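Peer 1: Take the sequence shown: its position 63, counting from 1, is numbered 63 in UniProt numbering, and each next residue is one higher. Have a look at this one before I ask anything.
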Amino acid sequence: MLNSNDVSEYLKISPHGLEARRDASSFESVRCTFCVDAGLWYYEVTVVTSGVMQIGWATRDSKFLNHEGYGIGDDEYSCAYDGCRQLIWYNVRSKPHLHPCWKEGDTVGFLLDLNEKQMIFFLNGNQLPPEKQVFSSTVSGFFAAASFMSYQQSEEKIILPRHRRLALLKQVSIRENCCSLCCDEVADTQLKPCGHSDLCMDCALQLETCPLCRKEIVTRVRQISHIS
C-alpha cells in the first residue's frame, strides 16, 4: 500500500492506497508503507498512462526533491525502471535497457533479492539483467517506491481479469500526435535548446526542465503544422 504520509506534496493517492496520479508540473514521489530488510520480495504495477515515471525501490534515506526534478533512482539509495525513456536510473545517472517503451495496460514487475543483493525488472513477464549498484550504498531498509512526471498514473493490479482490462483500454482513442503528458492537446511545441517536441504549449509552460532529457528549458517554440 502507498503511504499517504510518505509522499511529496502534489501526488494524489487513492483511498485504497494502490493508485497514484500526478497532475502538476513537478516530479512527485511516494514510498509504500512496508519496509523490507531480508529475503526475496516482488511487486507489480499496471501502467495507466505511458509517460515519464521512475518506479522501483528506495530506502528512507532516498530524498524526494520534487521541484528540482529528483525522484526514485536519482540518488545512491534508490534504483528505478523508466519504461517511457527505456532507462534504468541510479544515483542521477541512467543507462538504456532493452525493453520496448511501456504502454497503457502493461504490467511491470519489480523483484528485490536481498540474499543475492540484486534487483530485477520485468515488463509483461520479460526480465532484464540484475541491477546491483545500489547495494554499494545500502543493503536493507527498502520500500517499493515511484516518481511521476505531470499527468502520469499507475496502480496496483486491479481485480478485473487481464483480457477484460485490455479490452477496455483498446476502446480508448488517443491521437498519434497528442501531447505525451496530457494526451489531450496536439504536440505542437519544441523545447529549446534540447529540441524535444512531443508536448503541447500548455504543458511546456508548466515545466522548467525537459521531462525526457532533464535539460533546462530556455524557451518554447510553437510549431505550425500545415494540413492539406
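From the three backbone atoms N, C-alpha and C, an ideal C-beta is built for every residue, glycine too. Predicted, not measured: the structure shown is a model, and the values here were computed from it.
Are SER180 and LEU205 close, meaning C-beta to C-beta below 8 Å?
Peer 2: no
Peer 1: Whose C-beta lies closer than 7 Å to the C-beta of ARG222 among residues of the same chain, with five residues either side of it excluded?
Peer 2: ASP188, THR189 and MET201
Peer 1: Going by DSSP, what residue range makes up the alpha helix (DSSP H) through ALA38?
Peer 2: Careful: ALA38 lies outside any alpha helix (DSSP H) and carries neither H nor E.
Peer 1: Would you call the stretch 141-150 and the stretch 125-133 in contact, with 3 or more CB pairs under 8 Å?
Peer 2: no
Peer 1: Compare the beta carbon distance of GLY83 and GLY56 with 8 Å and say whether it is the shorter of the two.
Peer 2: no
Peer 1: How far does the beta strand (DSSP E) with ASP74 in it extend, from its first residue to its last?
Peer 2: Run containing ASP74: none; DSSP gives neither H nor E here.
Peer 1: Go through its chain and collect everything with a Cβ distance to LEU160's Cβ below 6 Å, but skip five positions before and after it.
Peer 2: The predicted position of LEU160 is uncertain, since its pLDDT is 43 and thus under 50; a value taken from the coordinates is nonetheless stated next. Correct list: empty, nothing qualifies.
Peer 1: Would you call the CB atoms of PHE64 and SER94 closer than 8 Å?
Peer 2: no
Peer 1: On the DSSP bridge assignment, give the partners of LYS95 in chain order.
Peer 2: ILE88
Peer 1: For a quick check, are the C-beta atoms of LEU178 and HIS196 less than 8 Å apart?
Peer 2: Looking at the sequence shown, residue 178 is not Leu but Cys. No, they are not a contact pair.
Peer 1: Per the DSSP calculation, LEU48 is bridged to which residue(s)?
Peer 2: Going by the sequence as given, residue 48 is Val instead of Leu. The partner list for VAL48 (beta bridge, DSSP) is empty, contrary to what the question assumes.
Peer 1: Taking the C-alpha atoms as reference points, what is the distance between LEU191 and ILE224?
Peer 2: 14 Å
Peer 1: Might you give, ordered along the chain, the residues of its own chain that have their beta carbon closer than 6 Å to the beta carbon of ILE103, omitting 5 neighbours on each side?
Peer 2: A small fix is needed here, since residue 103 is Lys in this sequence, not Ile. So the list reads SER50, once near-sequence residues are dropped.
Peer 1: Cβ of VAL108 within 8 Å of Cβ of VAL45?
Peer 2: At a Cβ-Cβ threshold of 8 Å, VAL108 and VAL45 count as neighbours.
Peer 1: By Cβ distance, which residues of its chain are closer than 6 Å to GLU216, with the 5 residues on each side in sequence left out?
Peer 2: Contacts found: THR209.
Peer 1: Exposed or buried, which one is THR59 when buried takes at least 16 other CB atoms within 10 Å?
Peer 2: buried
Peer 1: Quick one: residues in its chain with C-beta nearer than 8 Å to the C-beta of MET119, no 5 flanking neighbours on either side, listed in chain order?
Peer 2: GLY56, TRP57, CYS79, PHE110, LEU111, LEU112, ASP113, PRO130, GLU131, LYS132 and VAL134
Peer 1: Confirm, please, whether the CB-CB distance from GLN86 to GLY71 is below 8 Å.
Peer 2: no
Peer 1: Out of curiosity, what's the CA-to-CA distance linking SER62 and LEU98?
Peer 2: 26 Å
Peer 1: With a CB to CB cut of under 8 Å and the five nearest residues on each side skipped, what residues in its chain are close to PRO193?
Peer 2: LYS215 and VAL218
Peer 1: Could you work out which residue in TRP89, LEU123 and ASP106 is closest to VAL47 when comparing CA atoms only?
Peer 2: ASP106
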